[in-house]
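Colleague:
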Amino acid sequence: MSTHETFGTYSGPVHTVADGPSISPLKAGKTVSTATVGPWRLIAGKLVRQKVAMFAGAVILILYLIGLFAEFLAPSLPSTSRPQYTYAPPQGLSFFVTKPDGSTEFNFHVKGYKVEIEKVALRRTFVVDEAKVVPVGLFVKGARYELWGLIPMDRHLIGPINPNDPMYLLGADRLGRDVFSRLVYGTRISMSIGLVGVVMSLVLGVVLGSISGFYGGWVDTVIQRMIEVVSAMPTIPLWLGLAAAIPLTWSPVNVYFVITIIVSLLGWTSLAREVRGRFLALRSEDFVTAAMLDGSSEKRLIFRHILPSLTSHILAVVTLAVPTMIVAETSLSFLGIGLKPPVVSWGVLLQDAQNIRTVATAPWLLIWPSLAVIVAVLSFNFFGDGLRDAADPYDS
Amino acid sequence: MLGYIFKRVLYMIPTLFGMSLISFLIIQLPPGDYLTSMIATMSDSGQAVDPAQIERLKEIYGFDDPFYIQYLKWIWGIVSRGDFGHSFEWNQPVSGLIWGRMGSTLVISLLSLLFVWIVALPIGIYSAVRRHSIGDHVFTFFGFIGLAVPNFILALVLMYFAYRYLGQSVGGLNSPEYAEAPWSLAKVGDFLAHLWIPIIIIGASGTAALIRVLRANLTDELHKPYVITARAKGLPEYKVILKYPVRIALNPFVSAIGWVLPHLVSGVTITAIVLNLPTAGPLLFRALVSQDMYLAGSFILLLSALTLVGMLLSDLLLALLDPRIRFN
Amino acid sequence: MTDPAEDVVLSVENLSIDFRLRTHILHAVENVSFELKRGQTLCLVGESGSGKSVTARSLLQIVDRPGSIVGGRILLRTGGEFTDIARLDPDGQAMRAIRGRRIGLIFQEPMSSLSPVHTIGSQIIEAVRLHSDLDKRAARAKTVELLRQVEIPNPDQMADRYTFEFSGGMRQRAMIAMALAGNPDILIADEPTTALDVTTQGEILDLIKRLQVERGMAMLLITHDMGIVAEVADDVAVMRFGRIVERGPVDAIYHDAQHPYTRQLLASTVKLTRHVEGRVPAVAASSQPLQPILSVRNLGKTFGWHGKTNSLRAVDDANFDLYPGENLGIVGESGSGKTTLGRLILRTVEPTTGSVIYRDKIGGEVEVTSLTKKELRGFHREVRLVFQDPFASLNPRMTVKDVIGDPLIVNGLAKGKALEERVAELMRLVGLDPMGMERYPHAFSGGQRQRIGIARALALDPRIIIADEATSALDVSIRSQILDLLLDIKKRLNLSFIFISHDISVVRYFCDRVAVMHRGKIVELGEAEQICTAPQEAYTKSLISAVPNPDPRDKRMLHRHRFVAPVS
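Residue numbers (my numbering), protein chains in the order written: chain A, 1 to 396; chain B, 1 to 328; chain C, 1 to 568.
(1) Any beta-carbon of chain C closer than 8 Å to the one on residue 293 of chain A?
(2) In chain B, which residues lie less than 7 Å from residue 117 of chain C when you measure between Cβ atoms?
(3) Would you mind stating whether residue 175 of chain A and residue 76 of chain A have Cβ atoms separated by less than 8 Å?
(4) Within this structure, are the beta carbons of residue 452 of chain C and residue 495 of chain C separated by less than 8 Å?
(5) Quick one: grab the DSSP three-state call for residue 133 of chain C.
(6) Count the other CB atoms within 10 Å of the CB of residue 235 of chain C; is the residue buried (16 or more) or exposed (fewer)?
(7) Does the CB of residue 2 of chain C have a neighbour CB from chain A at under 8 Å?
(8) Go through the region 394–421 of chain C residue by residue and report every complete run of the beta strand (DSSP E) that reaches 3 residues or more, in order.
(9) Does chain B have any CB closer than 8 Å to the CB of residue 609 of chain C?
(10) If I follow the unbroken alpha helix (DSSP H) through residue 185 of chain A, where does it start and stop?
(11) Rounded to the nearest angstrom, what separates residue 119 of chain B and residue 257 of chain B at their Cα positions?
(12) Return no unless some Cβ of chain C is closer than 8 Å to the Cβ of residue 286 of chain A.
(13) Along chain F, in chain order, which residues have C-beta atoms closer than 9 Å to that of residue 551 of chain C?
(14) Are the Cβ atoms of residue 189 of chain C and residue 168 of chain C separated by less than 8 Å?
(15) Within 8 Å (strictly less), CB to CB, does residue 233 of chain B reach chain C?
(16) Check whether the Cβ of residue 227 of chain A lies closer than 8 Å to any Cβ atom in chain B.
(17) Ends of the alpha helix (DSSP H) at residue 222 of chain B?
(18) Along the region 337–350 of chain A, what residues have a CB closer than 8 Å to any CB found in chain B?
(19) Does any C-beta atom of chain C lie closer than 8 Å to the C-beta of residue 252 of chain B?
(20) To the nearest angstrom, how far is it from the Cα of residue 177 of chain C to the Cα of residue 100 of chain C?
(21) Contact between the region 79–93 of chain A and the region 158–171 of chain A is defined here as three or more beta-carbon pairs at a separation below 8 Å; is this criterion met?
(22) In the DSSP assignment, what are the bridge partners of residue 116 of chain A?
(23) Scan the region 305–323 of chain A for residues whose Cβ lies nearer than 7 Å to a Cβ of chain C and list them as they occur along the chain.
(24) In the DSSP assignment, find the unbroken beta strand (DSSP E) run with residue 72 of chain C in it and report its ends.
(25) Could you check whether the Cβ of residue 389 of chain C sits closer than 8 Å to any Cβ belonging to chain A?
(26) Note down the Cα distance separating residue 334 of chain A from residue 372 of chain A, rounded to an integer number of angstroms.
(27) Would residue 41 of chain C be called buried (16 or more neighbouring beta carbons within 10 Å of its own) or exposed?
(28) Can you tell me which of A/140, A/387 and A/337 puts its alpha carbon nearest to the alpha carbon of residue 252 of chain A?
(29) Are the region 251–266 of chain A and the region 320–330 of chain A in contact at 8 Å, needing three or more beta carbon pairs?
(30) Closest to residue 574 of chain C by C-alpha separation, out of C/449, C/143 and C/111, would be which residue?
(31) Are the Cβ atoms of residue 237 of chain C and residue 247 of chain C separated by less than 8 Å?
(32) To which residues of the same chain is residue 85 of chain A closer than 6 Å at the C-beta, ignoring the five residues directly before and after it?
(33) On the criterion of 16 or more Cβ atoms from any shown chain inside 10 Å, does residue 399 of chain C qualify as buried, or is it exposed?
(34) Could you tell me the alpha carbon to alpha carbon distance between residue 32 of chain A and residue 236 of chain B, rounded to whole angstroms?
(35) So if I threshold CB-CB distances at 8 Å, which residues from the region 212–238 of chain B count as touching chain C?
(36) Note down, in chain order, every chain B residue with its Cβ under 8 Å from the Cβ of residue 101 of chain C.
And the structure:
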């Protein structure tokens, strides 16, 4: 009934596995062999393919650069107050002025202000005066400052050519301080708290997580219970409780560090859990057993075999932990028990937006610092997500 | 099953102990004690200080005792007679101040949890099944925004819009005219009208997080062999998905209560401060600012206990849902 | 006799399936044609990546994305009519009416193929009701009847159990019951016994065969095992890289194979049914009594607390000697304790009782169980382990040079140029090109990776190698190559092997003596040939007789021994 048939001509040696089902390329171009490419380059390659993550990474970089060069980038000092410009609205930057004869001419400028009295409330408000021109320049001389507290300078990236002219790109606050400048200075504090906090968390998390995962037994149990307790407690009440204990008399620098510690104290649990989980999984991997049988010491097992496989994952988790820290600082400062003026952070800026009537008069006090927080948090989330996807280069 | 419940409850005790220790640590943390500062302010304002009363208070709270004795006194008071200590600012027992506030915190937390579930479940399923569709991308985008915006900023923004465009002030849980009125149908209606803003604010990030959890888990489950088995039986596609992978992806969804609940309670705290809701948050905040530490510590302990009970419930629910847990 | 054309219930014509991947299109199946006939079994045989599973799934239109049928027809006969399944909407009513009702499907992994959170009964009842108008009660009755047909004891109670309460074989029976729920006339079994132990495999194959004959179903059996094919097939189609290379009646394929690939596949399988040629067991060859190199005495491991009901004796009172130059096989089914026994000798798992005595190069006796951590390292230099999984046992973040060189570095034996030369030498020894030493493991195939693992084991000039299922993860043709490599190395380097495997044919080919393990105990120990041809113990008899024989003219499984474990 059945017929016996063979198909196809036989080609090549039978026992090679190099060949397989036939394929046709979709895209033209050479395929790069990944045979000798190390894990980090594979991770980088995988990350670069994720456009959103790369964009987010660029935003993070820019934010840190802004923080780094805050003094130079801000048109004025964060503390310079000019009560005559209370709640002055934002001015737009323009490049051309229209002359009375109708022709236009290049003139980098912002518009000045005029005062209007509200008829009903008899309140003084500022309105942008389209007729007044305040010339603006790049690399202008302005308020004196010391870059990183070291190099005395007076050049600013942007500013009014006459330092006494008002320039409020993002508006002014109750004391007539420039919101844009304060936002730039706030970037430094808020972004660095995230970074410093995460480093502290990381040290705590990696040390405890590794100990827990490597030794197991009762050590593991105790550390796990600790993590459970801390992570089951609602964070904000706990933060509040710890932050409230900071004496009012402490210097801003001390407060900064204590806040960082508080923020990191509560963030380490997720890191520790992640590290422990991966550690446990890796410890029972065959290649770790193999290394042990090869004669590797425990130290070598951890540092040569386990940690290299962990680092990319840790990096991703760390990136995803930074926004929690930023939000924590912002929340505490917003409530008035975190950082306090004269220190400028995004949270401190948002303190001015606590009163809803103030926000109604000067919405920019709410909008810009909020936007800064959201952009930072979003960027870290997107970048961290991308990193996490790329973290395992051998997972196809 | 009974054995399982018993084990879980037993398991809670050391955790609860750890929490009480941290709470008491917070009570002890501020330099000096309330008594000293009270005496100082009283004598400053020229009031007579009754040395007998001070001695009595010192005796009760054992301010001269070592840390662990003070802790034991405090915890024994709570366990034996529900005495959480004395609020020096309000000059009355803490227990008289906290329960009403804890009740409203519980109600809002539970409603937020419900909101989170109801919203996250269908969206999560949709996003996993129609992965990379336009709808999925839209939800993912909003999910990220939801995760990124801190509660209090969302609260401020919503307040601003309500004030600016609806001309309504959105603080509190009742309009002023109902604040003191006894509960009636109208008051409940008014209550509900106020409720949606805090619930959206508190639930936003939890919803976003749960959508992501469900989407990720369901995506994994969708490719498991048992799904193909169900399909090979000849089940219609919607039944294949709803009956099998969704059912199994619900496990992490349910166990997520464990970490969503602390999150929600946290959110309730700060949102309540901004919106001035009559929950634990504002009172806790005030107590902390005025260093009324027994009141503050008790709130922290009770809020923590609340999340712990929530976790227990989620564990039990999980056991009910998954026979593998129930039988082991 | 009826017209042969009438017997064809399903015919596949020039079927092609593509997977659209990120950078290229993978032609997983190309121009595949075959026919399924009433009451007959077609075996689709091939090694991993041959496209056999994808082909099977396409018959039900359940190929996972990004795969899709790009050409050909799948004609299903209904009365005198033909339906082209390839043209049906995968989500449509017409396709769903075929799934389960006309074509039933059994998978490889019964654990993951059944829902863990629904009872077995409810899953079968659902399938029953989908294709009939039975009410709940009647559907349940039918389900219980189906469970009885697949020989599940106490079917009425078992219907209310969950999958994790079933053993592997029972799960697969339940899966079969479910596949039969819609009374299909075609049954597809995709590697139905690969995840099962060999004795269970025999029972399940028996069951499937019996049901097929009773119901007159056409069956498509997907497998990689030429032994199974010989036992159950009427017709065979050999697949390789997405194409059928040879097709015909089973007898013609086995005794008159035309295509070199088929011949090679058969040769690798048949080779493993005999002991390797031209070798005399070392013990027999020596005139004077030899001193064993390793002696295991009363070795035991209990997991959990002693004496408690839930404690598990993974290894129970194991005794054996390993002589220099000998290959000792330890064979057993899953859970027999064979892997634990290997780990106990190396003390990566600490023994509860017993002793392991190792006789070192100068003839001194070393009690392994009382070595300190530091002394143990010296022992590990001379007794090495080769792992089962060639993917998990190599650190993906290290180059091949680092992997093979790591034992040399940590033991301070070589570095720099000398290290490189030694690694190159080791690579040549295991048949790898030293040019590849800067590559990472992911650039190698499974067989090549296993060679890397062997090179690592050899790096320290060991005297004993414990190979734990070292060839189980490999395709049959690669498997015999690796075995030959090990034999060759053994001869050259004067090694002794402890070869742990569930696969009797591999042990028979490779080992001089074999220890058979069952429930933690060594039940029989003897010459490999004797164990495989004339076993003494009841368990060994059932084990040996359950191994499929790759010759359709000598179907061994049909008259195999059944072993009923005594109640312990």
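Glycine included, every Cβ here is placed at the ideal spot set by N, Cα and C.
Modeller: For this structure:
(1) yes
(2) 247, 248, 322 and 323
(3) no
(4) no
(5) coil
(6) buried
(7) Reliability of the predicted coordinates at residue 2 of chain C is poor, the pLDDT of 48 falling under 50, and the value obtained from them is presented with this limitation in mind. Answer no: the Cβ-Cβ gap between residue 2 of chain C and chain A never drops below 8 Å.
(8) none
(9) The structure shown does not extend to residue 609 of chain C, since chain C spans only 1 to 568, so no value can be given for it.
(10) 179–215
(11) 15 Å
(12) yes
(13) Chain labels in this structure do not include chain F; the protein chains are A, B and C.
(14) no
(15) yes
(16) no
(17) Where residue 222 of chain B is concerned, there is no enclosing alpha helix (DSSP H), given that its DSSP letter is neither H nor E.
(18) 337 and 350
(19) no
(20) 11 Å
(21) yes
(22) A/125
(23) 305, 308 and 309
(24) 67–78
(25) yes
(26) 14 Å
(27) buried
(28) A/337
(29) yes
(30) Here chain C comprises residues numbered 1 to 568, so residue 574 of chain C is not present and cannot be evaluated.
(31) yes
(32) 166, 172 and 176
(33) buried
(34) Caution applies to residue 32 of chain A, whose pLDDT of 49 falls short of 50 and renders its modelled position unreliable; the model cannot decide the point.
(35) 223, 224, 225, 226, 228, 229, 230, 231, 232, 233, 234, 235, 236 and 237
(36) 234
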